[in-house]
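Have a look at the structure below, then the notes.
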Amino acid sequence: MSEVIIEGGKQLRGVIDVNGAKNASLPIMAATLLTEGKTVLDRVPRLTDVETLAKILRSLGVSVERTSSHTMELKPGADIICDCPHDYAISMRAGICVLGPLLAKTGRANVPLPGGCVLGDRPVDLHLKGLRAMGADIRQKGGFIMATADRLKGARIYLGGPHGSTVLGTANIMMAATLADGVTTIEHAASEPEICDLADYLQKCGASISGAGTHTIRVEGVKRLEGCLHHVIADRIEAGTYACALAISGGEITLRNVRPGHMAALRDVMESMGVDFELDVNTIKVCREGPLKATDCTALPYPGLPTDMQPQILSVLTASAGTSVVTDSVYPERFTHVGELVRLGADIVRQGPQAVIRGAAELTGAYVRANDLRGGAALIVAGLGADGTTVVSGIEHVDRGYEGLDEKLFRLGANIARKGASSLQAGQLQLPFEGHQPKTDN
Ligand code: EPU
């Protein structure tokens, strides 16, 4: 199990190239199941979630090969297998993305139920409701979703749930609809940029889709899809995480290869915290010289503040003067980082879907554990602002969604190093300092 060791208190300066988005790459990789030809996918980040989905796709009969560090070639074979392997698929939520494509392409899909996770229950009822409306017969047995359909038929499907729309549910129905008979209209569709990127990819393959990026998506089924060359959009969450690292540390960094328009809500929240942004076409300069200020914010579906930024923002607010209230209306249970931040000295009270943060706490280094991907990133952000040495364990969660987060922060001037093995790290960093190892009490 690998750990990241941070000696806090260093300002950050320099330039970072932001990778392609994990949450765009995963559904697009799954969508290749629908096609007949070869897809060349560029800007695919090197992440454990991406590698896990590649393994799932290979087991279903898709050839998946990395032809360079961030380029992947995917080509479905003549015989697609409809049984998704249990062990890989339950280790990541995005395994559910193969359900719609498998069903549309072959008329059958057996996919493990993703189950609950530390973010909360995470049901897939809306995915199943959509596919049933298109004529699929769906049963659940032995932890698997077993779906069959002679041929899916276009339908009008409302995808709103108690916490707004569903991103992967919208992706699943949009993908399935590309090869269905007739027209599918998705109402209350998710409008996240990753949905638009998936729609762009599918359209390049020959799909007929309009309305992606709005809450009503119309898909007219076609007989067949080819492959194409596609460049994955920038990862707005990776970019936002570096912005939070800068905010707590102070200094000035430039984020290259980003889409500033995808980060408006995050920018708005961070500006009210005293962080300055300078936007160009595909770069953002982030700077913080004055003190951090408290602010209230709520994670919402796009174009609101992303729930995937809530933990990192919460970390920065622990160091901001005044009291802040952070609400997560997408995942009301997404607060496993709170207890760990308290170990660093933060003053936070959790009340249902909200955390009340009494800021400007003197954070001091401690041994903390990442319990999930963004919560882990939040602990690294907090460690940058803490006095003394912080050791964050459970970094395998962080590697699911960040390519070399510690290496990039090191290049920006952070005193950060990794201990222990990680198959995705090119090489071990030299410890830049004599990190002590506080004892864990569990
Ligand atoms: N929901 C339902 N029923 C469903 C599906 C979802 O009630 O059938 C609820 C969920 O429980 C949640 C809300 O709807 O309260 C939104 O969930 P959504 O389905 O949109 O989440 P997702 O599509 O499974 C993706 C990202 C998440 C990100 C969410 C929200 C991927 C692979 N995952 O998940 O990313 O938090 O959208 O933006 O795209 C991450 O990258 O760390 C991550 C968790």
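Taking our numbering, I'd label the letters of the sequence shown as residues 2 to 443.
C-beta atoms are modelled at their ideal positions from N, C-alpha and C, and glycine is treated no differently.
So, using beta-carbon positions, are residue i and residue j closer together than 8 Å?
i: Gly62; j: Val45; result: no
i: Leu385; j: Ser192; result: no
i: Ile234; j: Pro261; result: no
i: Gly376; j: Gly228; result: no
i: Leu75; j: Asp50; result: no
i: Ala265; j: Ala295; result: no
i: Ile210; j: Ala172; result: no
i: Met175; j: Leu199; result: yes
i: Ala134; j: Ile97; result: no
i: Met468; j: Thr53; result: Limits of the chain in this structure are 2 at one end and 443 at the other, which puts residue 468 out of reach.
i: Val270; j: Arg289; result: no
i: Lys106; j: Ile81; result: yes
i: Ala150; j: Leu104; result: yes
i: Leu127; j: Ala177; result: no
i: Ala367; j: Thr337; result: no
Cβ of residue i versus every heavy atom of the ligand EPU: is any distance shorter than 7 Å?
i: Val382; result: no
i: Gly402; result: yes
i: Glu52; result: no
i: Pro163; result: yes
i: Thr308; result: yes
i: Thr167; result: yes
i: Asp236; result: no
i: Pro124; result: yes
i: Tyr159; result: no
i: Arg94; result: yes
i: Glu341; result: no
i: Arg375; result: yes
i: Ala32; result: no
i: His398; result: no
i: Val331; result: yes
i: Glu221; result: no
i: His128; result: yes
i: Gly275; result: no
i: Ala191; result: yes
i: Leu247; result: no
i: Asn372; result: no
i: Gly121; result: yes
Please classify residue i as buried or exposed, where buried requires at least 16 other C-beta atoms within 10 Å of its C-beta.
i: Asn111; result: buried
i: Gly291; result: exposed
i: Leu230; result: exposed
i: Asn24; result: buried
i: Ser325; result: buried
i: Asn283; result: exposed
i: Ser64; result: exposed
i: Ala418; result: buried
i: Gly15; result: exposed
i: Gly428; result: Per-residue confidence for Gly428 stands at a pLDDT of 36, beneath the threshold of 50, marking its modelled position as unreliable; no derived number is given.
i: Asp281; result: exposed
Measure the alpha-carbon distance for residue i versus residue j and round it to whole angstroms.
i: Glu363; j: Asp407; result: 23 Å
i: Thr186; j: Val220; result: 6 Å
i: Leu315; j: Arg109; result: 43 Å
i: Ile6; j: Thr365; result: 13 Å
i: Val223; j: Lys130; result: 22 Å
i: Val382; j: Leu203; result: 36 Å
i: Leu120; j: Leu306; result: 17 Å
i: Ala190; j: Ala156; result: 14 Å
i: Arg401; j: Asp201; result: 25 Å
i: Val399; j: Ser69; result: 23 Å
i: Leu160; j: Ala415; result: 43 Å
i: Ala356; j: Leu180; result: 44 Å
i: Ala148; j: Val125; result: 13 Å
i: Ala422; j: Val393; result: Interpretation of Ala422 is limited by its pLDDT of 48, a score under 50 that renders its predicted location unreliable; the figure taken from the coordinates is listed afterwards. Cα to Cα, the separation comes out at about 14 Å.
Opposite residue i in the DSSP bridges: which residues?
i: Asn20; result: Looking at the DSSP assignment, Asn20 forms no beta bridge with any residue, so it has no partner.
i: Thr390; result: Glu8
i: Ile187; result: Ile158 and Ile218
i: Asp400; result: Asp400 pairs with nothing; no bridge assigned.
i: Leu13; result: Gly252
i: Ala165; result: Looking at the sequence provided, one finds Gly at residue 165 rather than Ala. Gly165 is bridged to Gly162.
i: Ser69; result: Thr72
i: His232; result: Asp43
i: Phe278; result: Val287
i: Met147; result: Asn111 and Arg140
i: Leu226; result: Thr36
i: Ala300; result: Leu306 and Asp329
Any Cβ of chain B within less than 8 Å of the Cβ of residue i?
i: Ile97; result: In the structure shown, chain B cannot be found, because there is only a single protein chain.
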